[in-house]
Amino acid sequence: MGSIAEFFQHMMNGLTLGGIYALIALGYTMVYGILKFINFAHGDILMVGSYLGLFTFNAIRGQTMGPWTILAFFIAMIAGMIFSAGLGMVIERVAYKPLRRATRLAPLLSAIGVSFILSNMAAWMWGTRSRKLDYPFDNTPLHIGDVSITPHQILILIVVLVTMVALKLFVDKSRIGKAMRATSLDQDTAKLMGIKSDKIISITFAIGSALAATAGFLIALEIKVYPSMGTMTGLKAFVAAVVGGIGNISGAMLGGILLGLLETFGVALLGIPYGLRDTIAFVALIIILLVKPEGLLGKVEKEKV
Amino acid sequence: MLNFVLLILIYTGIYALMAIGQNLITGYVGLLSLTQAGFFAIGSYATAILTVTFGWNFWLTIPAAAILAGFFGLLIGLPTLRLKGDYLAIATLGFGEIVRNILNNWDSLTNGPMGIQRIPMATIFGMRINPYTKYSFLVMVWIFVIVAYILFERLAKSRMGRALEAVREDEIAASSMGINTTSYKVWAFVLGASVAGVAGSLQAVFILSVTPGVFTFMVSIMVLCMVVLGGMGNFKAVILGAFLIQFVSYFPQLVGLSNVIPPQFKQVLFGFILVSMMIWRPQGILGREQRSAPKKLFRRGGRS
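Read top to bottom, the protein sequences are chains A and B.
Note that the working numbering gives residue 278 to position 278 of the first sequence, counting from 1, and the numbers run on in steps of one.
Position in the second sequence (first residue = 1) + 1000 = the working numbering.
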């Protein structure tokens, strides 16, 4: 294999991984943008969403691979998204909303509690064994020159792209999106202008959680599903959000893609041992915090007295 | 039965040390650190490697464990503590995972997932502190807890303690009063890490072996629960918290129901403890220690 082909191969793998990170990072960044707090349970909502998607797919997929399994795949994905959106809203209502005027530490601790409840309930109910989604369609790699691309990767890239464009349009153009931006700029003033900020916060959690479920379902397709999957995945996606500039939607997309590429190229070209792959994100976090703490696309915020 | 009671008391002691450290960081400075497990692991491995591989005396490994854990605390604290507190939570969470990752992979030093076995028992004046009979070990652990309690309590009442609380209440105001906020935060973090390192040492001579599987995120969460449950900013309270959490952990064994109750049950319970304490009693069971000055001299008008 020539070196250029190799480069494109890693590029492709990195983009797939990065797209998934980006989807998850969006949830962190949207919540942070409005409530200024890290939703620690985000990764676990992703886990629950991917389990639900997996169960739905197994229930409806039937025996033979065909057009129906592809449709079933999307139905299962949407089912997981809807369930996660509901879960995200309930969690916000029960565990975070009462703490909105409390100290900064309180919602953070509450979120850790929620994360622990979700991941351990899942282990309890569904076992710690990891599962994988059955292929909805033939996954023989396609060859373009020397670069091989699996249909799964194409599917993931398409889903990620469509979701991101839809989200960007929603936030930039729709009325609710406008209200979201207003709430994130100044919650109290937004309230005075007649925006129901509680409702907007609820919607933000729903969207973020649905995106996480989408990402989780894609992970189920490419990698696997297990109760503690949310922790590391969530951590890395958070790093992606910080790298891009937390609170900034385009930043989360950029950060996710960058982190995916960094991990793939780090192992492939820089010779970082595979066992230490998870360390890359963490080192990236430290570096970005030291060099440009507001992130690549973030605004510098001065704390006021 | 008695055996379990002793076991609970010993673990209460070991975890109380970690909780005291966490309390300085979270209760006094208001920073969320999620890596007591990492420092605990560093302390444990320091003692294990120094006694088994290098033949050191156990008592010498304790300061070594404390210094090593403190050094890593400095390493992780310096870059992250300059920033807003939320980042620390993520950075420390990552750090804990990386420590475990490295312990798992650095075979030549840590023997990988197998861990290090046959750690010699601690001795004092030629007497062995036998973890199996437990009594002498219990006394040793609690001597450590009492010493740590007195030291940290003194520290919290000192100028540094007041500075730390000022940082928690209002960092900008504190720094304009001439408090070097970053340096105080880093110091608190290093001290909290060191005491967790000492707890690790004790754990190593209690179990007499170390394996990376012990030092999961779960340990950090348990320590956090102890602090939150007892009462942030109150050292007596976190020791009580340590006891309560250990009691809950061993409750199934204590009543002989460990076959019926799944192991995840207690973890789910810890999660509920965190959430419900935050909502209904954020100050914990005992609450913060009251200062003599009235709590609110001036009420804030309107909302800020």
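In this text, a Cβ means the ideal position worked out from N, Cα and C, and glycines have one as well.
In this text, all values refer to a predicted model and were calculated from it rather than measured experimentally.
Distance between beta carbons of residue j and residue i, contact taken as under 8 Å
{"i": "Gly1070 (chain B)", "j": "Ala1193 (chain B)", "result": "5 Å"}
{"i": "Thr233 (chain A)", "j": "Gly43 (chain A)", "result": "6 Å"}
{"i": "Leu23 (chain A)", "j": "Ile249 (chain A)", "result": "With 8 Å as the limit, Leu23 (chain A) and Ile249 (chain A) do not qualify as a contact, their Cβ atoms being about 12 Å apart."}
{"i": "Ile1179 (chain B)", "j": "Val1167 (chain B)", "result": "7 Å"}
{"i": "Val1268 (chain B)", "j": "Met121 (chain A)", "result": "6 Å"}
{"i": "Met1197 (chain B)", "j": "Gly1287 (chain B)", "result": "Just to set this straight, residue 1197 (chain B) is Gly in the shown sequence, not Met. That pair is no contact at about 29 Å."}
{"i": "Gly1030 (chain B)", "j": "Leu142 (chain A)", "result": "Incorrect: roughly 54 Å between the Cβ atoms, too far for contact."}
{"i": "Leu1034 (chain B)", "j": "Leu1093 (chain B)", "result": "4 Å"}
{"i": "Ala1174 (chain B)", "j": "Thr1181 (chain B)", "result": "6 Å"}
{"i": "Ile1102 (chain B)", "j": "Val1052 (chain B)", "result": "Not confirmed; about 18 Å, so no contact."}
Residues of its chain near residue i, where Cβ-Cβ distance is below 6 Å and the 5 sequence neighbours each way are ignored
{"i": "Pro1131 (chain B)", "result": "Phe1137 and Phe1206"}
{"i": "Leu185 (chain A)", "result": "none"}
{"i": "Ala85 (chain A)", "result": "Ala206, Ser209 and Ala210"}
{"i": "Ile200 (chain A)", "result": "Ala179, Met180 and Thr183"}
{"i": "Thr1047 (chain B)", "result": "Thr1061, Ala1065, Ser1201 and Ala1204"}
{"i": "Val114 (chain A)", "result": "Ala41, Ile91 and Ala95"}
{"i": "Arg61 (chain A)", "result": "Thr69 and Ala72"}
{"i": "Phe1243 (chain B)", "result": "Thr1012"}
{"i": "Gly1077 (chain B)", "result": "Val1186 and Phe1189"}
{"i": "Gly80 (chain A)", "result": "Gly49, Leu52, Gly53, Ala213 and Phe217"}
Residues near residue i in its chain [Cβ-Cβ closer than 7 Å; skip 5 each side]
{"i": "Pro98 (chain A)", "result": "none"}
{"i": "Val1228 (chain B)", "result": "Leu1274, Met1277 and Gly1284"}
{"i": "Leu285 (chain A)", "result": "Val239 and Val242"}
{"i": "Phe137 (chain A)", "result": "Met65, Thr69, Ile70 and Pro151"}
{"i": "Leu1032 (chain B)", "result": "Thr1026, Gly1085, Leu1088 and Ala1089"}
{"i": "Leu17 (chain A)", "result": "Gly260, Glu263 and Thr264"}
{"i": "Asn13 (chain A)", "result": "Thr264"}
{"i": "Phe1004 (chain B)", "result": "Tyr1250, Gln1253 and Leu1254"}
{"i": "Tyr1184 (chain B)", "result": "Met1160, Ala1163, Leu1164 and Val1167"}
{"i": "Ile1010 (chain B)", "result": "Lys1134, Phe1137, Leu1138, Val1141 and Phe1206"}
{"i": "Ala1148 (chain B)", "result": "Leu1017, Ile1020 and Val1195"}
{"i": "Gln1246 (chain B)", "result": "Ile1008, Tyr1011, Thr1012 and Tyr1015"}
Under the three-state DSSP convention, the category residue i falls into
{"i": "Arg131 (chain A)", "result": "strand"}
{"i": "Pro1294 (chain B)", "result": "Unreliable positioning characterises Pro1294 (chain B) in this predicted model, as indicated by a pLDDT of 46, which lies under 50. A coordinate reading is not provided."}
{"i": "Arg1100 (chain B)", "result": "helix"}
{"i": "Ala1122 (chain B)", "result": "strand"}
{"i": "Leu1083 (chain B)", "result": "coil"}
{"i": "Met1001 (chain B)", "result": "coil"}
{"i": "Met1232 (chain B)", "result": "coil"}
{"i": "Met1127 (chain B)", "result": "strand"}
{"i": "Ser174 (chain A)", "result": "coil"}
{"i": "Leu1032 (chain B)", "result": "coil"}
{"i": "Ser1201 (chain B)", "result": "helix"}
{"i": "Leu142 (chain A)", "result": "strand"}
{"i": "Val1255 (chain B)", "result": "coil"}
{"i": "Val1260 (chain B)", "result": "coil"}
{"i": "Phe148 (chain A)", "result": "Reading off the sequence, residue 148 (chain A) comes out as Ser, not Phe. Looking at Ser148 (chain A) - three-state DSSP - the assignment turns out to be strand."}
{"i": "Ile1116 (chain B)", "result": "strand"}
8 Å CB neighbourhood of residue i in its chain, flanking five on each side removed
{"i": "Ile1014 (chain B)", "result": "Val1141, Ala1199, Leu1202, Gln1203 and Phe1206"}
{"i": "Tyr1087 (chain B)", "result": "Thr1080"}
{"i": "Trp1187 (chain B)", "result": "Met1160"}
{"i": "Ser119 (chain A)", "result": "Asp44, Met47, Pro227, Ser228, Gly230 and Thr231"}
Heavy atom of the ligand HEM within 7 Å of residue i beta-carbon
{"i": "Phe1054 (chain B)", "result": "Of the ligands one can find in the structure shown there are none, so the ligand HEM has no counterpart to examine."}
Practice problem: Would you list, in chain order, the members of the stretch 1088-1106 of chain B that have their beta-carbon closer than 9 Å to a beta-carbon of chain A? | Solution: So the close ones are Ala1089, Ile1090, Ala1091, Leu1093, Gly1094, Phe1095, Glu1097, Ile1098, Asn1101, Ile1102, Asn1104 and Asn1105.
Practice problem: Check distances from the C-beta atoms of the stretch 275-289 of chain A to those of chain B and list, in chain order, the residues that come in under 8 Å. | Solution: Listed by position along the chain: Gly275, Leu276, Asp278, Thr279, Ala281, Phe282, Leu285, Ile286 and Leu289.
Quiz item: Listed in chain order, which residues of the stretch 230-245 of chain A have Cβ atoms closer than 8 Å to some Cβ of chain D?
Solution: The structure shown has no chain D; the protein chains it does contain are A and B.
Self-check item: chain A contacts from the stretch 1109-1134 of chain B (Cβ-Cβ distance under 7 Å)
Solution: Against chain A - using a Cβ distance shorter than 7 Å - the stretch 1109-1134 of chain B contributes no residues.
Quiz item: Is it true that the stretch 1119-1130 of chain B meets the stretch 1053-1072 of chain B, where meeting means three or more beta-carbon pairs spaced less than 8 Å apart?
Solution: Below 8 Å, enough C-beta pairs join the stretch 1119-1130 of chain B and the stretch 1053-1072 of chain B to call them touching: three or more.
Quiz item: Contact between the stretch 262-270 of chain A and the stretch 154-173 of chain A: three or more CB pairs below 8 Å?
Solution: At 8 Å Cβ cutoff, the stretches do not touch.
Practice problem: Decide yes or no for the touch test of the stretch 1210-1223 of chain B against the stretch 1038-1054 of chain B: beta carbon pairs closer than 8 Å, at least 3 of them. | Solution: Segments in contact, yes.
Quiz item: In chain order, what residues of the stretch 115-127 of chain A put their CB closer than 7 Å to some CB of chain B?
Solution: Among the residues of the stretch 115-127 of chain A, those with a Cβ less than 7 Å away from any Cβ of chain B are Phe116, Ile117, Asn120, Met121, Ala123 and Trp124, in the order of the chain.
Exercise. Determine contact between the stretch 1227-1245 of chain B and the stretch 1016-1027 of chain B, defined as no fewer than three beta-carbon pairs at a distance below 8 Å.
Key: Inter-segment contact for the stretch 1227-1245 of chain B and the stretch 1016-1027 of chain B is present: three or more beta-carbon pairs are separated by less than 8 Å.
Exercise. Would you list, in chain order, the members of the stretch 1206-1217 of chain B that have their beta-carbon closer than 8 Å to a beta-carbon of chain A?
Key: Answer in chain order: Phe1217.
Quiz item: Is there contact between the stretch 7-24 of chain A and the stretch 211-218 of chain A, where contact requires at least three CB pairs shorter than 8 Å?
Solution: With the cut-off at 8 Å, the stretch 7-24 of chain A and the stretch 211-218 of chain A touch.
Practice problem: With 8 Å as the C-beta to C-beta threshold (strictly closer), list the residues of the stretch 1260-1271 of chain B near chain A in chain order. | Solution: Flagged, chain order: Pro1262, Gln1264, Phe1265, Gln1267, Val1268, Phe1270 and Gly1271.
Quiz item: At a Cβ cut of 7 Å, what residues of the stretch 131-150 of chain A count as close to chain B, listed as they run along the chain?
Solution: The residues in question: there are none.
Exercise. Return the residues of the stretch 176-191 of chain A that lie within a Cβ-Cβ distance of less than 9 Å from chain B, sorted by chain order.
Key: For the stretch 176-191 of chain A, residues whose beta-carbon sits nearer than 9 Å to a beta-carbon of chain B comprise Asp188.
Quiz item: According to a CB-to-CB cut-off of less than 8 Å, which residues of the stretch 1012-1041 of chain B neighbour chain A?
Solution: Hits within the stretch, in order: Thr1026, Gly1030, Leu1032 and Leu1034.
Self-check item: Residues of the stretch 36-62 of chain A with Cβ closer than 9 Å to any Cβ of chain B, in chain order
Solution: Across the stretch 36-62 of chain A, CB contacts with chain B closer than 9 Å involve Lys36, Phe37, Ile38 and Phe40, in sequence order along the chain.
Self-check item: Interface residues of the stretch 1050-1084 of chain B facing chain A [CB-CB below 9 Å]
Solution: Cβ contacts with chain A come from Ile1076, Pro1079, Thr1080, Arg1082, Leu1083 and Lys1084.
Practice problem: Please name the residues in the stretch 84-105 of chain A whose beta-carbon is closer than 9 Å to at least one beta-carbon of chain B, in chain order. | Solution: Answer in chain order: Val94, Ala95, Pro98, Leu99, Arg101, Ala102, Thr103, Arg104 and Leu105.
Practice problem: Report the residues of the stretch 1179-1205 of chain B with a CB closer than 8 Å to any CB of chain A, ordered along the chain. | Solution: Answer in chain order: no residues at all.
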